[in-house]
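K.L.:
First, the structure itself, so that you have it in front of you.
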Amino acid sequence: MSRELIVGATGASGAAVTVTLLRALLRQEQVSRVHLIFSDAALPVMSQELRVPGLDVATFKTRFLEDDPRVTTWRNDQLAAPIASGSYPSGGMIIVPCSMNTLAAVSHGIADRLLARAADVTLKERRPLLLAVRETPLSLIHLENMVRATRSGATIFPLCPAFYAQPDTIEKMVEDFTLRLLDHLGLAADRGFRWGITPHR
0 MSRELIVGAT GASGAAVTVT LLRALLRQEQ VSRVHLIFSD AALPVMSQEL RVPGLDVATF
60 KTRFLEDDPR VTTWRNDQLA APIASGSYPS GGMIIVPCSM NTLAAVSHGI ADRLLARAAD
120 VTLKERRPLL LAVRETPLSL IHLENMVRAT RSGATIFPLC PAFYAQPDTI EKMVEDFTLR
180 LLDHLGLAAD RGFRWGITPH R
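Shown next, in the form of structure tokens:
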């Protein structure tokens, strides 16, 4: 059964994870379409972390996703997009990385931008919502927002590496984290470390 998924990227650090996740999703035969939303602060941060000056949406798709036709991008102000409605049958949503600002909006139901609106719809329709939060240290406000989002049905998925996998590169560390995201979406991952199954590197 084919699935359409929504991916949101924010201005938090973690652009490499966004790229790796998108590529992993596009390798999945059951993923027929990926809806991609960048928050207002996402591309400037990604431009720096991915070392692509002046990165824009078109360049991102060409350079990192080979202009895959299954990827549909939406502006954050496109509140009339299909994914802003609960009647649109998405199979879930991942926000990676998820900034504390976006976490606050999602946990309090503030849906004045498409990224937050799509997350709000995902929650109300009881679909999987993974929030790969990225911040340290955490304030009480951050922690309370995580609790609130969890009670609403989201899964808090901190962007933390698994050191027991003994990754020898950042790329392998990111791949292992992405594997866990795919697991929680019910997708079969094609790589990554699994405790008790994969030999230690």
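Those letters in the sequence shown? Residues 0 to 200, by the working numbering. Where is the CB? At the ideal position from N, CA and C, for every residue including glycine. As the structure is a prediction and not an experimental result, all values here were calculated from the model.
1. Beta-carbon within less than 7 Å of V204's beta-carbon, same chain only, minus the 5 sequence neighbours each way: which residues are those?
2. Can you tell me whether A148 is buried or exposed? The criterion is at least 16 other CB atoms within 10 Å of its CB, across all chains shown.
3. Less than 8 Å between the beta carbons of R62 and G91, yes or no?
4. Candidates L142, R112 and V56: which alpha carbon is nearest F156's?
5. Of the choices T72, A83, S138 and K123, whose alpha-carbon is the least far from that of A103?
6. Less than 8 Å between the beta carbons of K60 and V51, yes or no?
7. Just curious, the alpha helix (DSSP H) that V51 is in, first and last residue?
8. Taking all protein chains shown into account, do 16 or more other C-beta atoms lie within 10 angstroms of the C-beta of D55, making it buried, or fewer, making it exposed?
9. Return the Cβ separation of L64 and L21 in integer angstroms, given the expectation that the two are a contact with Cβ distance under 8 Å.
10. By how many angstroms is the C-alpha of S98 removed from the C-alpha of P43?
11. Quick one: what's got a C-beta closer than 6 Å to L114's C-beta in the same chain, skipping five residues either side?
P.N.:
According to the structure shown:
1. Outside the displayed span of the chain (0 to 200) sits residue 204, for which this structure offers no information.
2. With 16 or more other Cβ atoms within 10 Å, it is buried.
3. no
4. Ranked by Cα distance from F156, the first of L142, R112 and V56 is L142.
5. S138
6. In this structure, V51 does not lie closer than 8 Å to K60 by Cβ.
7. Neither: V51 is in no alpha helix (DSSP H) and is coded neither H nor E.
8. Classification of D55: exposed, given that the 10 Å Cβ count is below 16.
9. With 8 Å as the limit, L64 and L21 qualify as a contact, their Cβ atoms being about 6 Å apart.
10. 14 Å
11. So the list reads G7, I36, S38 and N75, once near-sequence residues are dropped.
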